[in-house]
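Trainee: I'd like to ask you about the structure that follows.
Residue numbers (UniProt numbering): 1 to 288.
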C-alpha cells in the first residue's frame, strides 16, 4: 500500500504509525504503479487531484474516492482521467468527528454501508473489484446513481451537520448566556450536536457547496416542518408534537435494529473499549 498526503506532518505521522508499505511525497508518485487508487481528499479538491494523477495512472488502474458528494466528484474528476483507467466513485457512510491518520480504527466500516456510483458504461468487473475492497473491510455495498446518492445524503448526513453547526453557533452567539454556562450545563442532546459540529470545517464547507441544490431542497422542506412545530408550540397543540415525537422515536429504533447504530450514548460511532484501536489503512491520501 502506497500513501501520500499534501501535509509533510501527516506523511511523517503515517510513517511513524507504520500502516503503509511506502509513503511518498507526491500524488503522481503514489499512483504510478497502483492497481486501485482511492482519493481521500475533500470534495472541493478532487478535480485538482485527478488532474495531478491522470498522466501518471497506468493502464487498467481503477480510480475511486470517498467523497460525501458524488455528482460533483464525477463532474470534476472524470474529465482528467485517461480512457485507459476505470472510474468507480464511492462513499463509505462511516466515520467520526475526528480526522487524520490517528482517527481511524479497525472496526470503522464494519456493518456500515458504502455506496458506489459508477458512471454509465462502467466496467462491471471494476465495479465488482471496488465493492470487494470495501466488503473486505466489513462494509455492505449499495450501487446507485450519483444524483440519487446526493439527494439521500442531503437529508441523512448533510442537513444534520448543517443543523449541528447552526445550533452550536447560536449557543455561542447568545448574549444572555455565557460560553462557560453553555459548556457547564450541556445536556446530552446539545453534546451530541457539538460532536457533529467538531467535524472538519474544510471538508464540510466543500460538501455543502458541492451538493448545494439537494441541500437547499432538503433545507427548504426542513424549514417548512420547523415552522409547523413553531406554530404547534405557540398554540399549545400538544397532540401534534406528541404525534411527531412518537413517529420519530420509531425511526430511531428502526436504525438501531438495522445494525447501523447502537443504543450506546456515543451513538455507536466509536469502537468498543475492549477492541484494539488501530488506524485503518487508506490506499491514497487522508480520508474524509
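A virtual CB, placed ideally from N, CA and C, is assigned to each residue, including glycine.
The alpha helix (DSSP H) with residue 160 in it runs from where to where?
Mentor: Where residue 160 is concerned, the enclosing alpha helix (DSSP H) stretches over 159–173.
Trainee: In the DSSP output, which residue or residues are listed as bridge partners for residue 65?
Mentor: 39.
Trainee: Mapping DSSP to helix, strand and coil, what is residue 230?
Mentor: Three-state result, residue 230: helix.
Trainee: Among the residues of its own chain, which have a CB less than 7 angstroms from the CB of residue 246, if the five just before and after it don't count?
Mentor: Cβ within range, chain order: n/a, list empty.
Trainee: My output table needs one value for residue 74: the three-state DSSP class, helix, strand or coil.
Mentor: The answer is helix: DSSP assigns residue 74 an H, G or I state.
Trainee: With residue 294 as the anchor, note down where its alpha helix (DSSP H) starts and where it stops.
Mentor: Outside the displayed span of the chain (1 to 288) sits residue 294, for which this structure offers no information.
Trainee: Secondary structure at residue 46, three-state DSSP: helix, strand or coil?
Mentor: In this structure, residue 46 counts as helix in the three-state DSSP scheme.
Trainee: Measure the CB-CB distance between residue 119 and residue 146 and report whether it falls below 9 angstroms.
Mentor: Contact: yes.
Trainee: For a quick check, are the C-beta atoms of residue 80 and residue 51 less than 9 angstroms apart?
Mentor: Cβ atoms of residue 80 and residue 51: closer than 9 angstroms.
Trainee: Note down, in chain order, each residue of its chain lying with its Cβ closer than 8 angstroms to the Cβ of residue 14, except the 5 sequence neighbours on either side.
Mentor: Once the five neighbours on either side are set aside, the close Cβ partners of residue 14 are 3, 5, 20, 23, 101.
Trainee: Looking only at its chain, what residues have a beta carbon closer than 6 angstroms to the beta carbon of residue 202, apart from the 5 residues adjacent to it on each side?
Mentor: Excluding positions up to five away in sequence, the list reads 42.
Trainee: Could you check where the beta strand (DSSP E) with residue 12 kicks off and where it finishes?
Mentor: Segment 8–17 is the alpha helix (DSSP H) holding residue 12; no beta strand (DSSP E) there.
Trainee: With DSSP as the reference, label residue 118 as helix, strand or coil.
Mentor: Looking at residue 118 - three-state DSSP - the assignment turns out to be coil, as it is neither helix nor strand.
Trainee: Shortest alpha-carbon distance to residue 214 belongs to which of 157, 183, 36?
Mentor: Measuring from the Cα of residue 214, the nearest candidate turns out to be 157.
Trainee: To the nearest angstrom, report how far apart residue 61 and residue 230 are at their CA atoms.
Mentor: Their backbone Cα atoms lie some 54 angstroms apart in a straight line.
Trainee: Between the segment 169–179 and the segment 136–155, are three or more C-beta pairs nearer than 8 angstroms?
Mentor: No, they do not touch.
Trainee: Contact between the segment 29–43 and the segment 53–73: three or more CB pairs below 8 angstroms?
Mentor: With the cut-off at 8 angstroms, the segment 29–43 and the segment 53–73 touch.
Trainee: Please go through the same chain and pick out, in chain order, the residues whose beta-carbon is closer than 8 angstroms to the beta-carbon of residue 193, but skip the five residues on each side of it.
Mentor: Closer than 8 angstroms at the Cβ level, and outside the excluded window around residue 193, lie 163, 164, 167, 168.
Trainee: Can you tell me where the beta strand (DSSP E) holding residue 90 begins and where it ends?
Mentor: Run containing residue 90: 90–92, per the beta strand (DSSP E) assignment.
Trainee: For the beta strand (DSSP E) containing residue 141, list its first residue and its last residue.
Mentor: Run containing residue 141: 140–143, per the beta strand (DSSP E) assignment.
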